[in-house]
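Input: a single structure, listed below in structure tokens.
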Amino acid sequence: MTLTAQAPDAGVPTLVNASSNVGIRGQLKEIWTYRELLGGLVRKELKVKYKNSVLGFLWTLLNPALYLVVFWLAFDVLLDSRVPQFFVFFLSGYLIWTLFSNSIALGTGSVLANSALVKKLYFPREVLPLAQVGAAIVHFFLQSVVLLATLVIVWHDVSFRFMILLPPALLIAVALATGITLVTSSLNVRLRDTEHFVELGLLAWFWLTPIVYPFGTVYSDRISPMFRWGFERNPITAVIITFQRAIHNVTYFCESTGKVDITNCPDVKQVLPNEPMIWYAVQLAIAGVISLLVLYGGLRYFRRTSGDFAEEI
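Using the numbering used here, you'd call the opening residue of the sequence shown number -4 and step up by one each time.
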């Protein structure tokens, strides 16, 4: 269905639906045609989020800083994880996770939140969840200031060699988040509980990803095989550990001393896989294939189901 309308004098609201009879190339071309609308929606999201807020965009910087303090107290102080430079370790994984999770969490409700636009105007509905992804990307780069400041304060050495893997890792995270968001935002129009399921799903996904605990923790004897199974099949793990490898740049440490020097250490603990860069590139390639498949499926599913959004909202 491409268009449903009644004459203005009939007293019935006009409903404008998107066309579902286009291929993936036509779909992408149409989104590109409406790129100015997409940019405007991104700017709107950034302005509305901190409207009437005293601190404004400073909350973007305070959010990761506050989470950093909370998790540092919980894991490094109370649980005595002793991961060297925990501040850097946490932020290097948390910031990219925040981009990923916020894209999905906020994008899921994007169609319903813009129901007035959907009912009145024709435009590719994909720009609504894509605007949330775009806003999350902007926040990611703004929040990176906190990470850069942390690196300067603690004078931490990064791996410039592994930095070359960060752009593709970022693109993989964005592609995966976009594909999932397109599906959940469409489902949310028909099943309003979708947002709640997504919230719970992201919480479980967070703990299945090595963000606040080292990668090697999962391979200890006390971890259940079921948890390990889910961990190994988590596509975002490759992205997280790549960011940690490039920025935190610690593969092993001595648990008893909390130092990177493991000479004569009786209890060496793994933080990240001590593998060459090609190993990390292969993990990213696998995650990239999964992300592209999810993105393709999300685009097709969204376009196929978006034709009746105006009526179902």
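Ideal placement from N, C-alpha and C gives every residue a C-beta, glycine not left out.
From a predicted model like this one, the values you see are computed outputs, not experimental measurements.
The shortest C-alpha to C-alpha distance from Asn229 to any of Ile167, Leu112, Lys254 is the one to Ile167. Here Gln239 carries a helix assignment [DSSP, helix/strand/coil].
Ranked by Cα distance from Phe84, the first of Val17, Pro205, Ser219 is Pro205.
Residue state for Tyr117 is assigned as coil, using DSSP reduced to three classes.
Unbroken beta strand (DSSP E) runs of no fewer than 3 residues, entirely contained in the stretch 36 to 112, are not found. Contact annotation: Gly102 and Pro119 have beta-carbon atoms that are not nearer than 9 Å. Between Tyr29 and Leu177, the C-beta gap is not smaller than 9 Å, which leaves the two residues out of contact. Looking from the CA of Leu198, the closest CA among Ile19, Asn97, Arg217, Ala60 belongs to Asn97. With distances taken between CA atoms, Leu36 lies nearest to Val122 out of Val122, Leu23, Arg20, Arg185. In this chain, Val263 is not harboured by any alpha helix (DSSP H); it is covered by the beta strand (DSSP E) spanning 263 to 265. In the DSSP assignment, Lys24 forms no beta bridge with any residue. Per DSSP, the unbroken beta strand (DSSP E) holding Tyr247 starts and ends at 247 to 249. Beta-carbon to beta-carbon, Asn269 and Thr246 are separated by about 4 Å, close enough to satisfy the 8 Å threshold. Residues Phe81, Phe82, Phe85 of the same chain have their beta carbon placed closer than 8 Å to that of Trp67, with the five preceding and five following residues left out of the count. If you draw a straight line from the Cα of Asp303 to the Cα of Ser181, it comes to about 10 Å.
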